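Mapping the sequence shown onto my numbering, position 30 (from 1) lands on 30, and the numbers just tick up by one.
Where a beta carbon is used, it is the ideal one built from N, C-alpha and C, also for glycine.
As the structure is a prediction and not an experimental result, all values here were calculated from the model.
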Amino acid sequence: MQGKFIQTLPDWVKAKIHEQGIRNSHLTSIAPTGTISLTADNVSSGIEPPFSLFYDRTITKFDGHSVERVEDFAYTQGIHGRTANEISAEEHLSVLALVSQYVDSAVSKTCNVGANVSYEDFKDLYYNAWKQGCKGITTFRAAGKRYGVLNEVKAPEANAEACYIDPETGKKSCE
1 MQGKFIQTLP DWVKAKIHEQ GIRNSHLTSI APTGTISLTA DNVSSGIEPP
51 FSLFYDRTIT KFDGHSVERV EDFAYTQGIH GRTANEISAE EHLSVLALVS
101 QYVDSAVSKT CNVGANVSYE DFKDLYYNAW KQGCKGITTF RAAGKRYGVL
151 NEVKAPEANA EACYIDPETG KKSCE
């Protein structure tokens with residue numbers, strides 16, 4: 001009952017723990033769910049926004065590498081939120097800090113930073129994570145030395161008919 005996390009719980013939960021006891025040293029954690037969610041057809045990547053609406057996933061096998069094109073499921077259903085690269089590093093950190101308040105172990109959450117992030121801004125992100133009570137922080141910089149497991153590709157252009165209406169005849173022709 002003396003643990004820091006236990007002290008943050010509502011009184012009714014602490015009363016139940018006092019009455020019934022507790023068995024684990026840590027109760028909650030948010031496991032890595034980004035690339036591992038791909039094994040479940042990218043149903044959910046937990047608290048992570050989609051990496052991109054379309055991306056190539058590099059798969060390493062015993063006989064070499066292969067690349068698989070992935071399309072965000074929500075996007076195919078007409079739902080389009082912001083992607084990981086459209087969210088600022090500070091917004092990523094805000095989500096991490098908020099969720100960390102309710103998790104007594106680690107939270108797997110990647111904070112994407114821009115390719116041109118300065119050393120000071122990068123350092124400040126880690127410092128602010130510590131100040132906000134985060135137990136850890138992971139960053140990803142697309143312009144780093146290592147090629148990413150996931151690599152963004154542009155959305156394909158939608159095909160559409162081009163029509164012309166002759167102003168003299170009013171006749172429509174489509175190609």
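Can you tell me where the alpha helix (DSSP H) holding residue i begins and where it ends?
{"i": "H92", "result": "A89 to S100"}
{"i": "K14", "result": "D11 to Q20"}
{"i": "N128", "result": "Y119 to K131"}
{"i": "K4", "result": "K4 to T8"}
Assuming the contact rule is C-beta atoms closer than 8 Å, residue i and residue j should be a hit. Round their C-beta distance to whole Å, please.
{"i": "P49", "j": "R23", "result": "Not a contact, Cβ separation roughly 34 Å."}
{"i": "C111", "j": "I137", "result": "6 Å"}
{"i": "S52", "j": "E152", "result": "4 Å"}
{"i": "A143", "j": "A115", "result": "3 Å"}
So, are the CB atoms of residue i and residue j less than 9 Å apart?
{"i": "I17", "j": "I30", "result": "no"}
{"i": "V107", "j": "K131", "result": "no"}
{"i": "K154", "j": "I165", "result": "no"}
First and last residue of the beta strand (DSSP E) that includes residue i?
{"i": "E71", "result": "G64 to E71"}
{"i": "F54", "result": "F54 to K61"}
Per DSSP, what are the beta-bridge partners of residue i in this structure?
{"i": "E168", "result": "Per DSSP, none; premise fails for E168."}
{"i": "V113", "result": "R141"}
{"i": "E152", "result": "Y55"}
{"i": "V107", "result": "I30"}
Determine, using beta-carbon pairs with one atom in the region 92 to 108 and one in the region 64 to 72, whether at least three such pairs fall under 8 Å. Too few Cβ pairs lie closer than 8 Å, so no.
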